[in-house]
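Peer 1: Submitted below is the structure of interest, expressed as structure tokens.
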Amino acid sequence: MFAMSSSMWSTWLVFFCWCAIIQIEGKRWMLVDSISSKEDSLANTRSAEPHCMDGVRSQDESDVDCGGETCPKCKIGKHCNEDCDCSTNTCNNGKCAAFESCDDNIKNQDETDIDCGGSKCPACEDSKTCKEHKDCNSGLCKKKKCVAVESCDDNIKNQDESDVDCGGIKCPRCDHWKKCKADCDCISDSCKNKTCVGAESCVDGIKNQDETDVDCGGDKCPKCEITKYCDDDCDCHNAICRNHTCVPHCVPECQNNGVCTIHKTCICPEGFTGVSCEVQSVGLCHDNDTFGVEPILSITFASGRPQYSRSKPSEFNFTTTYKQRFEPVTNDGMFSFINSIHNDFHGAWHTGAIDHTEDEGGYMLLVNADYRPGEFYKGQVDNLCIGLRYEFSVYLANLCIPLDRIKPNVRFEVRSPSTGNQLLAQLRSGPIPVQRQLTWNKYGLSFVAPSSSVVLLMISDAPGGMGNDIVIDDIALRVCSHEGTGFCPPEQ
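Going letter by letter, the sequence shown gives residues -26 to -1, 1 to 466 in mature numbering (1 follows the signal peptide of the UniProt record, and there is no 0).
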């Protein structure tokens, strides 16, 4: 015996208490941990063959040194072939797993959802996954989900209901505005357009009874407003039904195919203007310059040697609101018959310019317009043919040289002397442009004669005294595209 100190004896005592040495039939020693975990105890209940401790997967081991018939059972996560290879007796997908149960918060075993369904666990609650009815507490599996037993108060549209919890054979009838398939689905016994509605009336928001539009028209309901559908004037509040639509009523009524708006104002077609589209507003007849018909009216203001003519407007059968001047200077509010432009304002006008036709000595009407909207020309023409189209034209030029001045603007009008000076036609020239030299352009309008006598007018439409100076020449009235003279004298 070797002599040992007390400390050595204590060490050996702890070692022998820690391990028990067992020799089995002359084979190698196996150490059993006296304080192993439960899993380790299960894993080491088998005797350890030498190949179970060689660090190599051999023999029938399912993982290194564990599993099979002779080695200890494998711990969680080790490879396995069957449940008995694992200390937990649970082999899942070739790996030792924790012990499966119905409260491990894992979908395992044959559960249809986590910890429920299948042959081992309790039935599942509503909305959980299922395979068959017995997987569900409610006993009802639909589309692989547990659902509540169908009823008329489950807040679900099911059974043969037409809407949620109403309609069909089993449930109560539906209230207004619920969906329906037949009248019997509705409390009101009235299903229209797959919706439960009240008994037909003029306030149900539905086109029914003999209404022509929703809740209006027909014999029972109020008359319809503008834009609503109608069958005749009696259906409309304003008593006008056109093309099955209630239309506005303008006073006076729109003429010449004008359209009355919901604001009771007329929208006029091209070529007409005025409150009721009664005024013609058409430009010149484009073919008149080549048509070859002599004018019914032609005013050229004659010609002469003196620069200023002594002739008066009455000699040409017209009047003007401007005052005539027979010598320089033609100031604001005045006019002159002149055959060349006088230098009245120190080069502000086209000095020396002559009339439109460049006739030697030919006079033109020069007007220095002012702040008053005066009449350049007013003359009456008689014996026109009712229904023919005529052209009232004139040649105009801006008298001023290019400076920042007011541009003349002429309003052409045709009026009826027999009907209280009624306006028949109207058109504006627009601003007469300024040019580097006096430039003549033809302006005017055309109109259909509604009576045999008309009054022709040219009015200043650009009030102002700084500029607004104009020369006028060759006033004419012609018939448009007509082989006759355009004169219709009264029968004797």
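Cβ atoms here follow ideal geometry from the backbone N, Cα and C, with glycine treated the same way.
Let me know the secondary structure DSSP gives C26 once reduced to three states.
Peer 2: In the structure shown, the three-state DSSP call for C26 is helix.
Peer 1: Given this structure, state the Cα-to-Cα distance separating D57 from D109, to the nearest angstrom.
Peer 2: 26 Å
Peer 1: Nearest to N317 by alpha carbon, out of D333, V188, I375, R363?
Peer 2: Minimum Cα distance to N317 is reached at I375.
Peer 1: Would you decide whether D134 is buried or exposed? Buried here means 16 or more other CB atoms lie within 10 Å of its CB.
Peer 2: Exposed is the call here.
Peer 1: Buried or exposed: where does P391 fall if 16 or more other Cβ atoms within 10 Å of its Cβ makes it buried?
Peer 2: exposed
Peer 1: Please classify G192: is it buried, with 16 or more other beta-carbons within 10 angstroms of its beta-carbon, or exposed?
Peer 2: buried
Peer 1: Is there contact here, the region 232 to 246 with the region 363 to 374, by at least three beta-carbon pairs under 8 Å?
Peer 2: no
Peer 1: Okay, do the region 436 to 446 and the region 325 to 343 touch, 3+ Cβ pairs below 8 Å being the bar?
Peer 2: yes
Peer 1: DSSP beta-bridge partners for S434?
Peer 2: According to DSSP, S434 bridges with V384.
Peer 1: Would you decide whether K52 is buried or exposed? Buried here means 16 or more other CB atoms lie within 10 Å of its CB.
Peer 2: buried
Peer 1: Using DSSP's beta-bridge definition, name the partner residues of D443.
Peer 2: Under DSSP, D443 shares a beta bridge with N342.
Peer 1: Between Q229, H260, I214, which lies nearest to F246 when the distance is taken from Cα to Cα?
Peer 2: Selection Q229, H260, I214 evaluated against F246 yields Q229 as nearest (Cα-Cα).
Peer 1: Could you check how far apart the C-beta atoms of K166 and I180 are, in whole angstroms? I think they sit under 8 Å.
Peer 2: 6 Å
Peer 1: Among residues of its own chain, excluding the 5 on either side of M385, which ones have a beta-carbon nearer than 6 Å to its beta-carbon?
Peer 2: Before going on, a small fix: residue 385 reads as Arg here, not Met. Within the same chain, R385 has close Cβ partners R402, I433, D435.
Peer 1: For C76 versus E99, is the C-beta distance shorter than 9 Å?
Peer 2: no
Peer 1: Measure the alpha-carbon distance for C148 versus N182 and round it to whole angstroms.
Peer 2: 20 Å
Peer 1: Report the option in F300, C126, T103, A97 whose CA atom is closest to the CA atom of G113.
Peer 2: A97
Peer 1: With C-beta atoms as the reference, is E446 less than 9 Å away from F350?
Peer 2: The sequence shown places Ile at residue 446, rather than the Glu named in the question. Their beta carbons are under 9 Å apart, which means I446 touches F350 by this criterion.
Peer 1: Distance check for C215 and S427, CA to CA, integer angstroms please.
Peer 2: 38 Å
Peer 1: Determine the direct distance from the alpha carbon of D84 to that of G92, and round the result to whole angstroms.
Peer 2: 5 Å
Peer 1: Is the region 354 to 362 touching the region 414 to 429 in the sense that three or more CB pairs, one from each, lie closer than 8 Å?
Peer 2: yes
Peer 1: Per DSSP, H53 is paired with what?
Peer 2: K69
Peer 1: Near G348, which residues of its chain fall below 6 Å by C-beta distance, leaving aside the five closest residues on each side in sequence?
Peer 2: Once the five neighbours on either side are set aside, the close Cβ partners of G348 are T295, Y296, S434.
Peer 1: Under three-state DSSP, which class holds K119?
Peer 2: strand
Peer 1: What did DSSP end up calling T393 once you bin it into helix, strand or coil?
Peer 2: helix
Peer 1: So, helix, strand or coil for E99, using DSSP?
Peer 2: coil
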